[in-house]
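Just so you know, the sequence shown maps onto residues 0 to 161 in my numbering. All residues carry an ideal CB built from backbone N, CA and C; glycine is no exception.
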Amino acid sequence: MTDPGAAVLTDDQYMQLALAQAEEAFSRGDWPVGAVVVNAGRILAFGQNRQNTLRDVTVHAETDALREAQTAHGLEALHGATLYCTMEPCPMCAWALKLTGIRRLVLGLRHATQNRIDMGNYSIETFCQMVGFDTLELSTGVRFEECMEIRRRWGKDQVRKA
């Protein structure tokens, strides 16, 4: 993890770290999604999608990072934290964000922007509205091109053809 005295990185730099996690997942044959949990400038954990290699559909990058952060630092460390993720969290992961007290979500790529057809009308905003998760701050499009490029290389998303 990071040195508490180290300089705080920018959203762009934290997303670059999440992209490195996505690249590792991709190289293993997992969905190319990466995540980083940060609180007060301190990296608490990294996460990668591992559902193919672990044969567990619940091991998404977000849940992987949240689990690692909670194990290493305790649940309290997640309250008010920021999650950087290369792809918009699914409903399962969004619920985990709510339960752990994540305050800010920084995204690279949205399902709708990617033209995914398997997610219906889902967005993190509709999820938050549905469950009363009104404390989540959202920033989108950070390192968008790189996040889109790795998903295109993956080529297994169900997307509407142009």
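Taken in chain order, the complete alpha helix (DSSP H) segments of 4 residues or longer contained in the segment 66–124 are 90–99. Distance from the CA atom of Asp29 to the CA atom of Met147, rounded to whole angstroms, is 16 Å.
Here Ala76 has Asn38, Leu43, Ala68 as same chain residues with Cβ atoms under 7 Å from its own Cβ, once five neighbours each way along the sequence are excluded. In this structure Ala17 is in contact with Cys84, their Cβ atoms being roughly 6 Å apart against a cut-off of 8 Å. The alpha carbon of Ala34 has as its nearest neighbour, out of Thr9, Ala24, Arg66, Leu82, the alpha carbon of Leu82.
Residue environment analysis places Thr99 among the buried positions, since at least 16 neighbouring C-beta atoms fall within 10 angstroms of its C-beta.
Inclusion of Pro88 and Glu61 in the CB contact set at 8 Å is warranted, their separation being smaller than that value. Judged by DSSP secondary structure, Arg41 falls within the beta strand (DSSP E) whose first and last residues are 41–47. The beta carbons of Phe143 and Leu108 sit about 6 Å from each other, so the pair counts as a contact at 8 Å. Excluding the 5 residues flanking it on each side, Val56 has same chain C-beta neighbours closer than 7 Å at Gln50, in chain order.
Take the alpha-carbon of Arg102 and the one of Leu135: they are about 5 Å apart.
Under the three-state reduction of DSSP output, Ala6 falls in the coil class, being neither helix nor strand. In the DSSP assignment, Ala34 is bridged to Gly46, Cys84.
Shown here, Leu137 sits in a strand according to DSSP, grouped into three states.
A Cβ-Cβ contact shorter than 8 Å links Val32 with Asn48.
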